[in-house]
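J.: Residue numbers (this note's numbering), protein chains in the order written: chain A, 1438 to 1689; chain B, 1438 to 1689. The C-beta atom is built at its ideal place from N, Cα and C for all residues, glycine as well. Attaching a single structure in structure tokens format; questions to follow.
There are 2 protein chains.
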Amino acid sequence: MRDSSRARMLSPDRLFGQVAHKLAVSIISGASRAGDLLPNESDIRGEISVSRTAYREAVKFLTGKGLVEARPKSGTRVAPRGSWNLLDPDVLAWHFEADPNEKFIRDLFELRLFVEPSAARLAAQRRSEEDLARIEAAYRGMTVNPPYAELTVQADLSFHEAIFEATRNPPLQCLAPAVCATIQWSLFLKAPDDRFFFTASLVDHERVLDAISQRDGDLAAARMSGLVIDSLNSTLRLLAGRASENASRGRD
Amino acid sequence: MRDSSRARMLSPDRLFGQVAHKLAVSIISGASRAGDLLPNESDIRGEISVSRTAYREAVKFLTGKGLVEARPKSGTRVAPRGSWNLLDPDVLAWHFEADPNEKFIRDLFELRLFVEPSAARLAAQRRSEEDLARIEAAYRGMTVNPPYAELTVQADLSFHEAIFEATRNPPLQCLAPAVCATIQWSLFLKAPDDRFFFTASLVDHERVLDAISQRDGDLAAARMSGLVIDSLNSTLRLLAGRASENASRGRD
DNA sequence: TCCCGGATAAAGTCATACGATAGAAACGGG
DNA sequence: CCCGTTTCTATCGTATGACTTTATCCGGGA
Chain A
1438 MRDSSRARML SPDRLFGQVA HKLAVSIISG ASRAGDLLPN ESDIRGEISV SRTAYREAVK
1498 FLTGKGLVEA RPKSGTRVAP RGSWNLLDPD VLAWHFEADP NEKFIRDLFE LRLFVEPSAA
1558 RLAAQRRSEE DLARIEAAYR GMTVNPPYAE LTVQADLSFH EAIFEATRNP PLQCLAPAVC
1618 ATIQWSLFLK APDDRFFFTA SLVDHERVLD AISQRDGDLA AARMSGLVID SLNSTLRLLA
1678 GRASENASRG RD
Chain B
1438 MRDSSRARML SPDRLFGQVA HKLAVSIISG ASRAGDLLPN ESDIRGEISV SRTAYREAVK
1498 FLTGKGLVEA RPKSGTRVAP RGSWNLLDPD VLAWHFEADP NEKFIRDLFE LRLFVEPSAA
1558 RLAAQRRSEE DLARIEAAYR GMTVNPPYAE LTVQADLSFH EAIFEATRNP PLQCLAPAVC
1618 ATIQWSLFLK APDDRFFFTA SLVDHERVLD AISQRDGDLA AARMSGLVID SLNSTLRLLA
1678 GRASENASRG RD
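Laid out in structure tokens, this is it:
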């Protein structure tokens, strides 16, 4: 799941990072609910063998993302879901790892559907030649590698990321990680032999690229809408398949 | 600028919080550029009288928001703008405080324009009676208080926040702080005697409320677009006024 | 019953120490 | 004189113990 240089995310080699990761997954997965939780800082040494320093730094890290709130005397509590920063790249990654529930995927796709077409429109209007070259290179990366291969996924992500970069709107670009996470998630779900949707998706991408290349904003937006909707439908189909599969397994 | 219970943000009474705030403002304002910066952890005691612990926790906090990256042995550097999490509530607040430049405001308005109409559509489709009551109460709060008064601003923010809550889409709701920050910013710029736009804005809000009340998604989206565009235009006018004002002051 | 104040527990802060290593400086061979 | 190797130092990461601050809880007094 960890990807190359796309987002730096949390460094897993630092001790505080491992602690933060562990706590985050526990929180997001629902194992720790919005309540008192989080063992106090004296006990922590017994629970996991880590110094108070590292533990506190992990807590500060998570505090910054709204996952926990620490108050003197009362303890460090898991924050209510409403205050989590769900668009933070780390939080998204942890979600991806801990809690792959359908509602969340649908919500993220909904967000994509609102944001990506507009982003594509801006990209078509504002792209430089370098932007276009990057988008095109990413598209080619999707065509030359086998479906659902690691490199193909990376190219897919690069495609969407490059479009966001071409918008020249930094706040908007901050949504790119959310979009990429959604894509990764949906690709991860797909059966690797699902060729039909892959081909369709390739066509969708090419059409978007074409519109951006023509600097036709409205067309780019419309085609991006189509792309996202196709991706959503195929993902929902997969989820439905999984659900019935699990149900039938459950009956066994 | 600190507002009641809307977002908890960073607690300013903790020492590490003050340090984080100081560093963040320095980074975002551009006083520290993306380079080595950040005085090393031993010197910090001379610069500001604070222990290494507090300083390190502040750095961890900022690391989580992508503002700095600490690499072992090589130093703690200011991260490139591209990796900042500009949609984080704290980062937005710091921006508001440190770097009120026009481009950023325009970018945020652009984002609003993409997101808020869609949010209004969802709100119209999914709102419960309680949601509607909250939105309506917020609207009334805008009418009963004097223009641009603190309570009026709060009511305005509540109006938009309540719409996001009614979407029942948590990731989307995470954009509410960004929208609120934009609104606060634009209201902050306005001259308090700017009655014309205030009245127009009130009408815009009422029309959105009406559409949501009717559960008419398309209408709500269209009217929200109108609201955002009006707000953008009036803000740009203000900015232009300021610019020429400053220019004429500069000539004196 | 209500209010006030002290006891208390937990987070916050500080000082110190040691380990690991990236990067620079010094060194030596070609 | 240049370049690769070695050494050295600066700086972050982690650990530990002590002390401070803050807020909760509880009991006593009005």
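1. So is A/Phe1498 in contact with chain B if we call contact Cβ pairs under 8 Å?
2. What's the C-alpha gap between B/Lys1502 and A/Asp1527?
3. Counting only beta-carbon separations shorter than 8 Å, does A/Ala1615 have a partner in chain B?
4. In three-state terms, what does DSSP make of B/Arg1558?
5. Compile a chain-ordered list of the residues in the stretch 1547 to 1581 of chain A whose CB is closer than 7 Å to at least one CB of chain B.
6. Which value, in whole angstroms, describes the spacing of the CA atoms of A/Ser1442 and A/Gly1454?
7. Could you have a look at A/Arg1514 and say whether DSSP puts it in helix, strand or coil?
8. Which class does B/Val1505 belong to by DSSP, given the choice of helix, strand or coil?
9. Can you confirm whether the stretch 1529 to 1546 of chain A touches the stretch 1457 to 1471 of chain A when touching is taken to mean that 3 or more C-beta pairs between the two stretches lie within less than 8 Å?
10. Express the C-alpha separation of B/Leu1664 and B/Arg1439 in angstroms, rounding to a whole number.
11. Can you name the residues of chain A whose CB is closer than 8 Å to the CB of B/Leu1609?
12. Compare the C-alpha of A/Leu1550 against each of A/Leu1675, A/Gly1678 and A/Arg1660 and name the closest.
13. Would you tell me roughly how many angstroms separate the C-alpha atoms of B/Ala1599 and B/Leu1612, rounded to the nearest one?
14. Skipping 5 residues on each side, what residues in its chain have a beta carbon closer than 8 Å to that of A/Leu1529?
15. Around the C-beta of B/Leu1633, are 16 or more other C-beta atoms found within 10 angstroms, so that it is buried, or is it exposed?
16. Between the stretch 1559 to 1571 of chain B and the stretch 1537 to 1549 of chain B, do at least 3 Cβ pairs fall closer than 8 Å?
17. Could you tell me whether the Cβ of B/Asn1522 comes closer than 8 Å to any Cβ of chain A?
18. Classify A/Glu1478 as helix, strand or coil using the three-state DSSP reduction.
19. What residues in the stretch 1643 to 1658 of chain A have a beta carbon less than 9 Å from any beta carbon of chain B?
20. Would you call the CB atoms of A/Asp1667 and A/Ala1637 closer than 8 Å?
21. Should A/Val1515 go down as buried or exposed, given a rule of 16 or more other Cβ atoms within 10 Å for buried?
22. Answer yes or no: the CB of B/Tyr1585 versus the heavy atoms of the ligand HEM, is any distance below 7 Å?
23. What residue from B/Ser1469, B/Gln1651, B/Gly1472 and B/Ala1657 has the CA that sits closest to B/His1390's CA?
24. Compile a chain-ordered list of the residues in the stretch 1524 to 1536 of chain A whose CB is closer than 8 Å to at least one CB of chain B.
25. For B/Asn1538, decide whether its Cβ has a neighbour in chain A, counting only Cβ atoms nearer than 8 Å.
26. Run through the stretch 1562 to 1645 of chain A for me and flag every whole alpha helix (DSSP H) of 4 or more residues, listed as ranges in chain order.
27. Exposed or buried, which one is A/Lys1540 when buried takes at least 16 other CB atoms within 10 Å?
28. Measure from the C-beta of B/Leu1494 to each C-beta in chain A and report whether the shortest distance is under 8 Å.
29. Are the C-beta of A/Phe1625 and some C-beta of chain B separated by less than 8 Å?
30. Are there 16 or more other CB atoms within 10 angstroms of the CB of A/Asn1606, so buried, or fewer, so exposed?
31. Anyone know if the C-beta pair for B/Ser1595 and B/Thr1672 falls short of 8 Å?
32. Leaving out the 5 sequence neighbours to the left and right, which residues in its chain are closer than 6 Å to A/Leu1669 when beta-carbon positions are compared?
33. Given this structure, state the Cα-to-Cα distance separating B/Arg1652 from B/Ala1561, to the nearest angstrom.
34. Drop a sphere of 10 angstroms on the beta-carbon of B/Ala1574, count the other beta-carbons inside from all chains shown, and report buried for 16 or more, exposed for fewer.
T.: So, to answer that:
1. Counting from one through the first sequence, the residue named residue 1498 of chain A turns up at place 61. By this cut-off, A/Phe1498 is an interface position.
2. Taking the first residue of the second sequence as 1, we reach residue 1502 of chain B at position 65. Taking the first residue of the first sequence as 1, we reach residue 1527 of chain A at position 90. When the Cα atoms are used, B/Lys1502 and A/Asp1527 turn out to be separated by approximately 10 Å.
3. Sequence index remark: in the first sequence, residue 1615 of chain A carries index 178 (1-based). Yes, because at least one Cβ of chain B sits closer than 8 Å to the Cβ of A/Ala1615.
4. Against the second sequence, residue 1558 of chain B aligns to sequence position 121. It is helical.
5. Look at the stretch 1547 to 1581 of chain A: the residues with a C-beta under 7 Å from a C-beta of chain B are Glu1547, Leu1548, Phe1551, Val1552 and Ser1555.
6. Reading the first sequence from its first residue, position 5 is the one you call residue 1442 of chain A. Reading the first sequence from its first residue, position 17 is the one you call residue 1454 of chain A. With a pLDDT of 38 at A/Ser1442, under the threshold of 50, the modelled position of this residue cannot be trusted, and the question is left open.
7. Translated into positions along the first sequence, residue 1514 of chain A becomes position 77. Strand.
8. Residue numbering aside, residue 1505 of chain B sits at position 68 when the second sequence is read from its first letter. Strand, per DSSP.
9. They touch, by the three-pair rule.
10. Taking the first residue of the second sequence as 1, we reach residue 1439 of chain B at position 2. Taking the first residue of the second sequence as 1, we reach residue 1664 of chain B at position 227. With a pLDDT of 38 at B/Arg1439, under the threshold of 50, the modelled position of this residue cannot be trusted; read the value that follows with caution. So the alpha carbons of these two residues sit roughly 25 Å apart.
11. The residue given as residue 1609 of chain B occupies position 172 in the second sequence. Scanning chain A for C-beta atoms nearer than 8 Å to the C-beta of B/Leu1609 yields Asp1544, Glu1547, Leu1548 and Phe1551, reported in chain order.
12. Taking the first residue of the first sequence as position 1, residue 1550 of chain A is located at position 113. When each option's Cα is compared against that of A/Leu1550, the closest is A/Arg1660.
13. For the purposes of this step, residue 1599 of chain B is identified with residue 162 of the second sequence, where counting begins at 1. For the purposes of this step, residue 1612 of chain B is identified with residue 175 of the second sequence, where counting begins at 1. Straight through space, the alpha carbons of B/Leu1612 and B/Ala1599 are spaced by roughly 12 Å.
14. Position 92 of the first sequence, counted from the first residue, corresponds to residue 1529 of chain A. Same-chain partners within the cutoff: Leu1523, Pro1614, Ala1615 and Ala1618.
15. Start at 1 with the first residue of the second sequence, and residue 1633 of chain B comes out as number 196. Before going further, note that residue 1633 of chain B is Phe rather than Leu in the sequence given. Under this definition B/Phe1633 is an exposed residue.
16. Contact between the stretch 1559 to 1571 of chain B and the stretch 1537 to 1549 of chain B is absent, because fewer than three Cβ pairs lie under 8 Å.
17. To locate residue 1522 of chain B, count along the second sequence from 1; it is residue 85. It does; some Cβ of chain A falls within 8 Å.
18. Walking along the first sequence from the start, residue 1478 of chain A turns up at place 41. The DSSP-derived three-state label of A/Glu1478 is coil.
19. Correct list: empty, as no residue qualifies.
20. Your numbering for residue 1667 of chain A matches position 230 in the first sequence. Your numbering for residue 1637 of chain A matches position 200 in the first sequence. In this structure, A/Asp1667 places its C-beta atom within 8 Å of the C-beta atom of A/Ala1637.
21. Within the first sequence, the letter at position 78 stands for residue 1515 of chain A. Buried, because 16 or more other Cβ atoms sit within 10 Å of the Cβ of A/Val1515.
22. Looking at this structure, you won't find the ligand HEM or any other ligand, since it has none at all.
23. No information on residue 1390 of chain B is available, as it lies outside the stretch 1438 to 1689 that chain B covers here.
24. The residues in question are Leu1524, Asp1525, Pro1526 and Asp1527.
25. As a working note, residue 1538 of chain B is residue 101 in the second sequence. It does not; no Cβ of chain A falls within 8 Å.
26. Along the stretch 1562 to 1645 of chain A, the alpha helix (DSSP H) occurs as fully enclosed runs of 4 or more residues at 1566 to 1581, 1587 to 1603, 1607 to 1610 and 1613 to 1626, listed in sequence order.
27. On the first sequence, residue 1540 of chain A is found 103 positions in, with the first residue counted as 1. So A/Lys1540 counts as exposed.
28. Residue numbering aside, residue 1494 of chain B sits at position 57 when the second sequence is read from its first letter. Residue identity differs from the one stated: residue 1494 of chain B is Glu in this sequence, not Leu. It does: the Cβ of B/Glu1494 has a partner Cβ on chain A nearer than 8 Å.
29. One-based indexing of the first sequence puts residue 1625 of chain A at position 188. Interface residue (Cβ-Cβ distance to chain B less than 8 Å): A/Phe1625 is not classified as such.
30. Locating residue 1606 of chain A in the first sequence gives position 169, counting from the first residue. Burial state of A/Asn1606 is buried, judged by a 10 Å Cβ sphere holding 16 or more other Cβ atoms.
31. Start at 1 with the first residue of the second sequence, and residue 1595 of chain B comes out as number 158. Start at 1 with the first residue of the second sequence, and residue 1672 of chain B comes out as number 235. At a Cβ-Cβ threshold of 8 Å, B/Ser1595 and B/Thr1672 do not count as neighbours.
32. Indexing the first sequence from 1 puts residue 1669 of chain A at position 232. Correct list, in chain order: Phe1546.
33. In the second sequence, counting from the first residue as 1, residue 1652 of chain B sits at position 215. In the second sequence, counting from the first residue as 1, residue 1561 of chain B sits at position 124. Their Cα atoms are separated by approximately 4 Å.
34. Counting from one through the second sequence, the residue named residue 1574 of chain B turns up at place 137. Flag for B/Ala1574 reads exposed.
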